[in-house]
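Number of protein chains: 2
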Amino acid sequence: MSLRYALLGFLSTTPASGYMLGRKFASGAGAMWEAFPSQIYPELRRLEKLGWIEGKTSPRDKLRRRVYQVTALGKRELQNWVAGDESAHPAERDAERVRFLFIDRSDIAVIRRHLHRHLAHYEQRLEQWRAHRDAIVAGTQERMRDRLADCPEEEKAFVTTIKCFAFEGLVRHAEMEISWAKEILAWLDKVKGKKNVKVLPFKAPRQKAPRTGGAQKSRSKKAR
Amino acid sequence: MSLRYALLGFLSTTPASGYMLGRKFASGAGAMWEAFPSQIYPELRRLEKLGWIEGKTSPRDKLRRRVYQVTALGKRELQNWVAGDESAHPAERDAERVRFLFIDRSDIAVIRRHLHRHLAHYEQRLEQWRAHRDAIVAGTQERMRDRLADCPEEEKAFVTTIKCFAFEGLVRHAEMEISWAKEILAWLDKVKGKKNVKVLPFKAPRQKAPRTGGAQKSRSKKAR
DNA sequence: TACATCATGTAATCGGTTACATGATTAT
DNA sequence: ATAATCATGTAACCGATTACATGATGTA
Chain C
1 MSLRYALLGF LSTTPASGYM LGRKFASGAG AMWEAFPSQI YPELRRLEKL GWIEGKTSPR
61 DKLRRRVYQV TALGKRELQN WVAGDESAHP AERDAERVRF LFIDRSDIAV IRRHLHRHLA
121 HYEQRLEQWR AHRDAIVAGT QERMRDRLAD CPEEEKAFVT TIKCFAFEGL VRHAEMEISW
181 AKEILAWLDK VKGKKNVKVL PFKAPRQKAP RTGGAQKSRS KKAR
Chain U
1001 MSLRYALLGF LSTTPASGYM LGRKFASGAG AMWEAFPSQI YPELRRLEKL GWIEGKTSPR
1061 DKLRRRVYQV TALGKRELQN WVAGDESAHP AERDAERVRF LFIDRSDIAV IRRHLHRHLA
1121 HYEQRLEQWR AHRDAIVAGT QERMRDRLAD CPEEEKAFVT TIKCFAFEGL VRHAEMEISW
1181 AKEILAWLDK VKGKKNVKVL PFKAPRQKAP RTGGAQKSRS KKAR
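Same order as they appear, the protein sequences are chains C and U. For the first sequence, my numbering gives the first residue as 1, with consecutive numbering after it. For the second sequence, my numbering gives the first residue as 1001, with consecutive numbering after it.
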């Protein structure tokens, strides 16, 4: 159900066609949600049937583009969703991390390649997200200008800051992944291609509570 | 296809039944991948048909538990996946972040509630992931002991460190989300319930990319 | 006895992906 | 003329979620 609200949210500041939404979603202002055209077009039709958005095709337009706008009802529904209490946190499902968890049996060269790909991936995203955040601060982002157009003068700084913080979260995530990968690569450099390691980057934590990692049973005696 | 390898990876150190995998996946050693029983059981059967795992039901077991072990073929397939070049980074699809992006029209009380839920969510995960990491360092995690059992003495430190780093990534992500939310809450405190804001946490970035070849623009005065 | 938990499944459904179809416009 | 891009879709499929079914074991 989140694609629905991602589309609605996008359209709430800037009317757009399905094609434009697809483009922007792929790499643009909607860098938080990716979707394929085959999912976007039917969803827009459903949204229109619900009366949350309204599409218009200009009869003179030979490309029969359908440009959608959010209705008053749609705006209310978006605000209800945004303000809702149900957490939208998705289930933990991090395939790359799982891969890394089981990479210890691979050659160090394989581990290094994995980390370099990880780096490349997040460096690209960092650049993209940072550009968005900076454009919002600088006031050069088009959608942000649309948003501020119908906004009381005294609230403009507030709205801009909230939008910045949204992208700031993504920026920090990318930065974290990059420093994580770099740290491991630096550690692997010290190890010099051998798994016979003495240099340990982790020290045993001081236990403050006898809280174990797996079961609540302490290791006093194994069952059976 | 990742559930397949998550299951395979888990079973590669510790034989387990479908039920146990479901439990561990929900909140345990497999805190990186969540799955429902209705997905786990059929996948295990498929894996068995492929010959990657082998299940045994003890005839004396009235609960007819089916305990699976990874075969030699399964271990090879797992290593092939782990070492694979295709990036398993999922499409960007962060519903909570999208929500925050469109929260600027809501009351500040609503924004605060949203951030408090965000905090609660990641504080819980942080505790869970930190416990795992610490248990691995301390050598008290059961699955880690299984992994180290058939491991040459001189490689134990290496393997332990890799596993730690895997959970360290999750720990840092949770820490980032927590400090992100706290920062925004602190900013909202300064604002004191009004959207008429003067306190700006972001300053306009120095432009480096669009170098127009003239004088450097010093601070643009407040975004529009 | 009744209820919670252990343990394994099936069926319907939903969201997301891949593949394919169709036609118009713009650039080479 | 050809290719690339604009623009909107349909169909088949796959992975994940919800709901439901079944029976055994352990505990109040």
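Note that the Cβ used here is the ideal one computed from N, Cα and C, for glycine as well. Just so we're clear, the structure is a prediction, and the values are computed from it rather than from any experiment.
Apart from the five residues just before and just after residue i, which ones in its own chain have a Cβ nearer than 8 Å to its Cβ?
i: C:D146; result: T13 and T14
i: U:K1075; result: S1012
i: U:S1002; result: W1033 and A1088
i: C:S17; result: R65, R66, V67 and Y68
Name, in chain order, the residues that DSSP records as bridge partners for residue i.
i: U:G1055; result: U:Y1068
i: C:R105; result: C:R105 pairs with nothing; no bridge assigned.
i: C:R113; result: Paired residue(s): none; C:R113 is not in a bridge.
i: U:S1017; result: U:V1067
Helix, strand or coil: how does DSSP classify residue i here?
i: C:R206; result: coil
i: U:A1174; result: helix
i: C:A31; result: coil
i: C:R245; result: The structure shown does not extend to residue 245 of chain C, since chain C is modelled only from 1 to 224, so the question has no answer here.
i: C:R130; result: helix
i: C:A157; result: helix
i: U:S1012; result: helix
i: U:S1002; result: helix
i: U:S1087; result: coil
i: C:R93; result: strand
i: C:F36; result: coil
i: U:D1150; result: coil
i: C:G22; result: helix
i: C:A7; result: The sequence as given places Leu at residue 7 of chain C; Ala does not occur at that position. In the structure shown, C:L7 sits in a helix (DSSP, three-state: H, G or I).
i: C:N80; result: helix
i: U:R1262; result: Past the boundaries of the shown model lies residue 1262 of chain U; chain U is included only from 1001 to 1224, so the question cannot be answered.
i: U:L1200; result: coil
i: U:K1190; result: helix
i: U:K1062; result: coil
i: C:K195; result: coil
i: U:K1221; result: Because U:K1221 sits at a pLDDT of 33, beneath the cut-off of 50, its placement in the model cannot be relied upon, and the point is left open.
Tell me whether the beta-carbon of residue i lies closer than 8 Å to the beta-carbon of residue j.
i: C:I40; j: C:L47; result: no
i: U:I1136; j: U:T1160; result: yes
i: C:D134; j: U:P1205; result: yes
i: U:L1101; j: C:K163; result: yes
i: U:E1092; j: U:H1118; result: no
i: U:V1110; j: C:A83; result: yes
i: U:G1051; j: U:L1021; result: no
i: C:Q141; j: U:R1105; result: no
i: C:V70; j: C:L8; result: yes
i: C:K24; j: C:F10; result: yes
i: U:I1103; j: U:G1193; result: no
i: C:H173; j: U:H1121; result: no
i: C:A157; j: U:L1170; result: no
By Cβ distance below 6 Å, which residues in the same chain neighbour residue i in space, the five residues on each side in sequence not counted?
i: C:V191; result: V197
i: C:F167; result: W129, H132 and R133
i: U:K1195; result: none
i: U:Y1019; result: none
i: C:G55; result: E48, R66 and Y68
For residue i, collect the residues of the same chain with a Cβ closer than 7 Å to its Cβ; drop the 5 residues on either side in sequence, then sort them by chain order.
i: C:T57; result: R64, R65 and R66
i: C:R112; result: L185 and L188
i: C:L115; result: A181, I184 and L185
i: C:R4; result: E43 and L47
i: C:M176; result: none
i: U:E1154; result: none
i: U:Q1124; result: none
i: U:L1148; result: K1156 and V1159
i: C:C151; result: V159
i: U:V1059; result: The question names Val, yet the displayed sequence has Pro at residue 1059 of chain U. The answer is none, since no qualifying residue turns up.
To be precise: take each residue of the segment 73 to 101 of chain C, compare its Cβ to all Cβ atoms of chain U, and keep it if any distance is under 7 Å. Which residues remain? The segment 73 to 101 of chain C vs chain U, Cβ under 7 Å: L78, Q79, V82, A83, S87, A88, H89, P90, A91, E92, R93, D94, A95, E96, R97, V98, R99, F100 and L101.
Residues of the segment 187 to 208 of chain C with a CB closer than 8 Å to any CB of chain U: list them in chain order, please. Going along the segment 187 to 208 of chain C in chain order, one finds W187, V191, K195, N196, V197, K198, L200, P201, F202, K203, A204, P205 and Q207 with a Cβ nearer than 8 Å to chain U.
With 7 Å as the limit, tell me which residues of the segment 116 to 147 of chain C have their beta carbon closer than that to any beta carbon of chain U; keep them in chain order. Interface annotation for the segment 116 to 147 of chain C against chain U: R117, H121, D134, V137, A138 and G139, criterion Cβ-Cβ distance under 7 Å.
Listed in chain order, which residues of the segment 1164 to 1178 of chain U have Cβ atoms closer than 9 Å to some Cβ of chain C? Within the segment 1164 to 1178 of chain U, the residues whose Cβ lies closer than 9 Å to some Cβ of chain C are C1164, F1165, A1166, F1167, E1168, G1169, L1170, R1172, H1173, E1175, M1176 and E1177, listed in chain order.
Which residues of the segment 5 to 21 of chain C have a Cβ closer than 8 Å to any Cβ of chain U? Give them in chain order. Hits within the stretch, in order: Y5, A6, G9 and S12.
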